[in-house]
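Single-structure report; data block below.
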Ligand code: UD1
Ligand code: UDP
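Residue numbers (my numbering): 45 to 422.
Structure, rendered in structure tokens:
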């Protein structure tokens, strides 16, 4: 049997961990690979929540997170730290996911060492370098030199082809987030206590319609976040509505949301939920109000309408199918669009359809097969 190929998977934030744990499981179970993992620790608590539930114990942890970190200081720490791990591990291939600073620096450090880079969730494009910021540029940087591009959908693959990327290096695999959702749903079915921590809130808000909410985008800091908070305040003034909002640990988010929303009867500002509890939050919600990327994929897959508090999206598939709608960050517009879904049954039913253009839950296995098949050069 030939020597297993050493794959170093590099990640650092909550969404990367969620979307990569199914692939790490697949690589670990496959004798064709020697799976190594490096977390940057760009996130700390929110990353650790995912590592724990997924049972992933990283081989390297750079622990780079600083409170209220700036993009340039973070990038400098990531680039040098990740490069040093690659010098130690000498992997055959480096895998990165998505568009974070960790993904971009992991890819760049590998490129500097002529190690082939594999990009999971490749080809997402909003067409606007300021929305989402800085992610649109991060993913274009990675896409410009990755050796293999695993696009979640045909739309994403087409975006890469339009950038003149060699079509032979582009594969449509589905998004591993669906693998993660299937895995967590099965875990909860086996062990229901994993997702019962919201019972107190479910009791407190019994009879009300729950809006599940997240917000963290850097480009929304300032005016955008204030618009979002104002909208939530107005929606929660309705007696038949309750908002459950696990607040991202970024201090720029917490400062605004605590100042505007703390103490309101129909708003629960809570700590970030682990993945089983977040899946439960989607399940008990009438609709999701979010500026998150991953939630735009998960909510439609679970049949919940999602109102996206952004001006553009690099995930147009949900919008095209009518299960997601872009509502920006203007308070009047968010309130109007949410009210329409709450009060107009036909409008609600038209959006509340299970729709999943993002994968069949077998993306990780598909990626593992492609990694085994393809010879790669740096
Ligand atoms: C990062 C990613 C973004 C991704 C988001 C997912 C970049 C540039 N941004 O944004 O693409 O959508 O993660 O959530 O890569 N913090 C904690 N504990 C944590 C996590 C964050 O305290 O577990 C606080 C720290 O003060 C940290 C700050 O949040 O400095 C910002 O974290 P950072 O990763 O730089 O940015 P995010 O806004 O989380
Ligand atoms: N999520 C979670 N707990 C929370 C909020 C979100 O587990 O309290 C999960 C969610 O299911 C999705 C991912 O985190 O898979 C999205 O992460 P985030 O919004 O931080 O980043 P983005 O997807 O916007 O990059």
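Built from N, CA and C at the ideal position, the CB exists for glycine as well.
From a predicted model like this one, the values you see are computed outputs, not experimental measurements.
Restricting attention to 129, 294, 71, the CA atom closest to the CA of residue 265 is found in 294.
In this structure, DSSP gives residue 228 a helical state, which the three-state scheme calls helix. Exclusion of residue 361 from the 7 Å shell around ligand 2 follows from its C-beta lying no nearer than that to any non-hydrogen atom of the ligand. Residue 356 and residue 48 have their alpha carbons spaced roughly 42 Å apart. Just measuring C-alpha positions, the residue of 206, 161, 339, 186 sitting nearest residue 145 is 186.
For residue 370, the closest of 246, 175, 208, 82 by C-alpha to C-alpha distance is 175.
Taken atom to atom, the span from the alpha-carbon of residue 233 to that of residue 116 is near 43 Å. With a 10 Å radius around the Cβ and a threshold of 16 neighbouring Cβ atoms, residue 157 comes out exposed. Burial check for residue 342: the Cβ neighbour count within 10 Å reaches 16 or more, so the residue is buried. Distances from the alpha-carbon of residue 386 to those of 351, 153, 361 put 351 closest.
The Cβ neighbour count for residue 358, taken over all protein chains shown within 10 Å, is at least 16; the residue is labelled buried. In the DSSP assignment, residue 105 forms a beta bridge with 83. A contact is defined here as three or more CB-CB pairs under 8 Å, and the segment 377-384 fails this definition with respect to the segment 402-412. By the criterion of a C-beta distance shorter than 7 Å, residue 109 is surrounded in its chain by 85, 86, 87, 88, once the five residues flanking it on both sides are discounted. Collapsing the DSSP output to three states places residue 247 in a helix. Beyond the five residues adjoining it in sequence on each side, residue 347 comes within less than 7 Å, by CB distance, of 396, 397, 398 in the same chain, given in chain order.
In this structure, DSSP gives residue 293 a state outside helix and strand, which the three-state scheme calls coil. Across the structure, residue 360 and residue 368 are spaced so that their CA atoms are roughly 9 Å apart. If you look at residue 312, you'll find it in the beta strand (DSSP E) that goes 311-314.
Burial state of residue 75 is exposed, judged by a 10 Å Cβ sphere holding fewer than 16 other Cβ atoms.
Under the three-state reduction of DSSP, residue 189 is assigned to helix.
For residue 386, the enclosing alpha helix (DSSP H) has its first and last residue at 375-387.
Judged by the Cβ position, residue 179 qualifies as a neighbour of ligand 1 at the 7 Å threshold, a heavy atom of the ligand being closer than this. Counting only residues of its own chain and dropping the five nearest sequence neighbours on each side, residue 104 has a CB closer than 6 Å to the CB of 82, 129.
Between residue 417 and residue 218, the gap from beta carbon to beta carbon reaches 8 Å or more. In this structure, the beta-carbon distance from residue 297 to residue 269 falls below 8 Å.
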